Amino acid sequence: MLLARTALLWLFVAAVFACVLFADFLPLPFGDYASQRFTLVGLSAAVVTVCAAVLVKRYGLRAFKDCGPAFFVASAFIILSWPFSGAQHVWVEPGMYAVFFLGFVLAGSLSGRGGQTSSWVVAIVYVGAAAVALYGGSTITVYLFALSDGVTNLSDYIPWGFVSIRYWSHIATWLIPLMPLAVLVGPFKDERLWRFFVALGTALWWWVVFLSTSRGTMLGLAFGVLLVIVLLGRSALPWLKIVIQHLIYGGLVWALLSGIVPWLLLDEVNIRALKTDSSGRMPLFIEALSMSFENFPFGMGPQSWLTHAVLTDEYERSPKFAHPHNMYLMWAAEYGWLLISALLVLVAQASRLFWRRRREARSHGGSQLALPLAGFTASVSSALLHAGVSAVFIAPGSMMVGFVVLSTFWAIIAADALPHKSEMPLGRALSAGSVGLLLGLICYVWLSEVANYHKAMDSDQQFYFDNVPEGRLPRFWFHGNFPRRSELMPR
69 MLLARTALLW
79 LFVAAVFACV
89 LFADFLPLPF
99 GDYASQRFTL
109 VGLSAAVVTV
119 CAAVLVKRYG
129 LRAFKDCGPA
139 FFVASAFIIL
149 SWPFSGAQHV
159 WVEPGMYAVF
169 FLGFVLAGSL
179 SGRGGQTSSW
189 VVAIVYVGAA
199 AVALYGGSTI
209 TVYLFALSDG
219 VTNLSDYIPW
229 GFVSIRYWSH
239 IATWLIPLMP
249 LAVLVGPFKD
259 ERLWRFFVAL
269 GTALWWWVVF
279 LSTSRGTMLG
289 LAFGVLLVIV
299 LLGRSALPWL
309 KIVIQHLIYG
319 GLVWALLSGI
329 VPWLLLDEVN
339 IRALKTDSSG
349 RMPLFIEALS
359 MSFENFPFGM
369 GPQSWLTHAV
379 LTDEYERSPK
389 FAHPHNMYLM
399 WAAEYGWLLI
409 SALLVLVAQA
419 SRLFWRRRRE
429 ARSHGGSQLA
439 LPLAGFTASV
449 SSALLHAGVS
459 AVFIAPGSMM
469 VGFVVLSTFW
479 AIIAADALPH
489 KSEMPLGRAL
499 SAGSVGLLLG
509 LICYVWLSEV
519 ANYHKAMDSD
529 QQFYFDNVPE
539 GRLPRFWFHG
549 NFPRRSELMP
559 R
């Protein structure tokens, strides 16, 4: 039974990474972006339903005691959307966020209480490292084709497989801090060939970060590493040593592939400049902040960023996006500062759980806990900072990878393993079945609305591209500017 669960976990993680990094090679029915969104909502709904039922089956309703803040956040998304229930497809996005936040906490709690945390860590890290190496190797193929065509502006082609550099950079922010763990934990940690491929794959990802000048990733990773050093100190030094090694290797690869090789072959070097301005984000931030105070503290409703009348002159004159490039301001604008308060409750719980694990990790003999704690803390904190300047929690690929990373992080910091009896009272069996049935029914209704939203969006595309001069603005779907302001909708 344990072997079957472990195999299922590895397959689940492999499916996530394949869908995110190698979607171009998969026969996806709705295109990369929409298929990733359907996969995200389907998997997260299934995780919520199954994990909730299994927790009740094993431990009774007391298992939900430590999940209270997650239920609070999920309920806040739904309750704060209720006053706008007459709007088009209003339940799609709040439902997604509700199952996302509730799902990773339930999955992490189930893993932690079941004593399977180490299995989760190894699965995520090893599958992630293999995916990183494979993607890096494929990038070299794209690089060689670009050079053979005389292309020097490599950032037009690399990273590949994503509609925007930003969406790849979200994945890099989640994964790069985890790569050192692939040579510090697990069965292959002392295998030289494995260590070589992990180092090479991570170096190639660092090269793409430098090549694309992904400032959000750079700032996020710097913050995450610094936070781990401050919080975990000497116990994180083995992890930090590998991080620095990978960074140095990445710098050398960047100098070779972006500088020396193009100069030798093409007699030209084209290095993308690192911007120091806000890239047009400041008017978006100001607009979102203004929205958050329009109906303080309740917000203007789900997707109101798309449908509201513009409030500030700066945003009126600036390029339009389907989100303000700041998740926290977007949530404050659409769901209100009450939702931000609910999220802070969840963050406070995570901080308290982390602090307890930190004491264990820094104690004598806590090295086995310190290394995963360092890697996953850096990953999560980097992504949370990156979310302040980009759509980390909108892009479906980022949310899928983030879901498995956050689930494992929660498993690391969650409650200790609890024994559960194979014998199950009838009352608990009925409770587990009822919880699973209720959540499954709710998720089915919500998923049906997601499917209806996709059909409506697909039908809108012809009118939009013929009549609305705003271009493609990805959000929930790749054609994300739907619904929008009434004057821009079909009569």
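Counted the way the working numbering counts, the sequence shown spans residues 69 to 559.
Virtual Cβ for every residue (Gly too), placed ideally from N, Cα, C.
Because the structure is a prediction, the values reported are computed rather than measured.
#1: Rounded to the nearest angstrom, how far is the Cβ of residue 287 from that of residue 474, given a contact under 8 Å?
#2: Tell me the residue span of the alpha helix (DSSP H) that contains residue 203.
#3: Is it the case that the Cβ atoms of residue 228 and residue 469 are separated by a distance below 7 Å?
#4: Determine the extent of the alpha helix (DSSP H) in which residue 88 is found, giving its start and end residues.
#5: Any idea what DSSP makes of residue 236, helix, strand or coil?
#6: For residue 560 and residue 186, I'd like the C-alpha separation in whole angstroms.
#7: Check whether the Cβ atoms of residue 162 and residue 149 lie closer than 7 Å to each other.
#8: Residue 512: buried (16+ other C-beta within 10 angstroms of its C-beta) or exposed?
#9: Identify whether residue 321 lies in helix, strand or coil by the three-state DSSP scheme.
#10: Buried or exposed for residue 209, going by 16 or more other Cβ atoms inside 10 Å?
#11: Excluding the 5 residues flanking residue 118 on each side, which residues of the same chain have their C-beta closer than 8 Å to its C-beta?
#12: Using 7 Å as the threshold, is the C-beta distance between residue 121 and residue 356 below it?
#13: Whose CA, out of 184, 377, 211, 109, lies closest to the CA of residue 358?
#14: Applying the criterion that 16 or more other CB atoms from any shown protein chain within 10 Å of the CB defines a buried residue, is residue 337 buried or exposed?
#15: Just the Cα atoms here: how many angstroms apart are residue 179 and residue 354?
#16: Can you tell me where the alpha helix (DSSP H) with residue 259 in it begins and where it stops?
#17: If we require 4 or more residues per run, which alpha helix (DSSP H) segments fall completely within the segment 100-174?
#18: Can you name the start and end residues of the alpha helix (DSSP H) that residue 559 belongs to?
#19: Please check the pair residue 200 and residue 281, which I expect to be a contact at CB under 8 Å, by giving their CB distance rounded to whole angstroms.
#20: So, for residue 140: in the same chain, excluding its five sequence neighbours on each side, which residues have a beta-carbon less than 8 Å away from its beta-carbon?
#21: Using 8 Å as the Cβ pair cut-off and three pairs as the minimum, do the segment 321-329 and the segment 261-278 touch?
#22: According to the Cβ coordinates, are residue 463 and residue 157 closer than 7 Å?
#23: For my contact list, residue 520 and residue 532 are in at a C-beta cut-off of 8 Å; report their separation, rounded to the angstrom.
#24: Residue 264 to residue 248, Cα distance in whole Å?
#25: Are the beta-carbon atoms belonging to residue 407 and residue 144 less than 7 Å from one another?
#26: State buried or exposed for residue 190, treating a residue as buried only when at least 16 other CB atoms are found within 10 Å of its CB.
#27: With a Cβ-Cβ cutoff of 7 Å, do residue 450 and residue 292 count as a contact?
#28: Applying the criterion that 16 or more other CB atoms from any shown protein chain within 10 Å of the CB defines a buried residue, is residue 75 buried or exposed?
#29: Might you give, ordered along the chain, the residues of its own chain that have their beta carbon closer than 8 Å to the beta carbon of residue 425, omitting 5 neighbours on each side?
#30: Okay, do the segment 108-115 and the segment 536-556 touch, 3+ Cβ pairs below 8 Å being the bar?
#31: Quick one: grab the DSSP three-state call for residue 220.
#32: According to DSSP, is residue 379 part of a helix, a strand, or is it coil?
#33: What would DSSP say about residue 548, mapped onto helix, strand or coil?
#34: Using the C-alpha atoms, what's the distance from residue 347 back to residue 382?
#35: If I measure Cβ to Cβ from residue 172 and keep anything under 7 Å in the same chain, skipping five residues before and after, which residues do I get?
Quick look at the numbers:
#1: Contact flag wrong, Cβ pair sits at about 20 Å.
#2: Element bounds for residue 203: 185-216.
#3: no
#4: 70-89
#5: If DSSP states are grouped into helix, strand and coil, residue 236 belongs with the helices.
#6: Because the chain is modelled from 69 through 559, residue 560 falls outside the range shown and cannot be assessed.
#7: yes
#8: exposed
#9: Helix, per DSSP.
#10: exposed
#11: 504
#12: no
#13: 377
#14: Exposed, because fewer than 16 other Cβ atoms sit within 10 Å of the Cβ of residue 337.
#15: 41 Å
#16: Careful: residue 259 lies outside any alpha helix (DSSP H) and carries neither H nor E.
#17: Fully enclosed alpha helix (DSSP H) runs of 4 or longer: 100-127, 136-147.
#18: No alpha helix (DSSP H) holds residue 559; DSSP gives it neither H nor E.
#19: Approximately 20 Å separates the beta-carbon atoms of residue 200 and residue 281; this is outside 8 Å, ruling out the contact.
#20: 410, 413, 414
#21: Counting Cβ pairs under 8 Å, three or more are found: they touch.
#22: no
#23: Rounded, the Cβ-Cβ distance is 18 Å, inconsistent with contact.
#24: 12 Å
#25: yes
#26: buried
#27: yes
#28: Residue 75 is exposed by the Cβ-count criterion.
#29: 437, 441, 480, 481
#30: no
#31: coil
#32: coil
#33: coil
#34: 14 Å
#35: 471, 474, 475, 478
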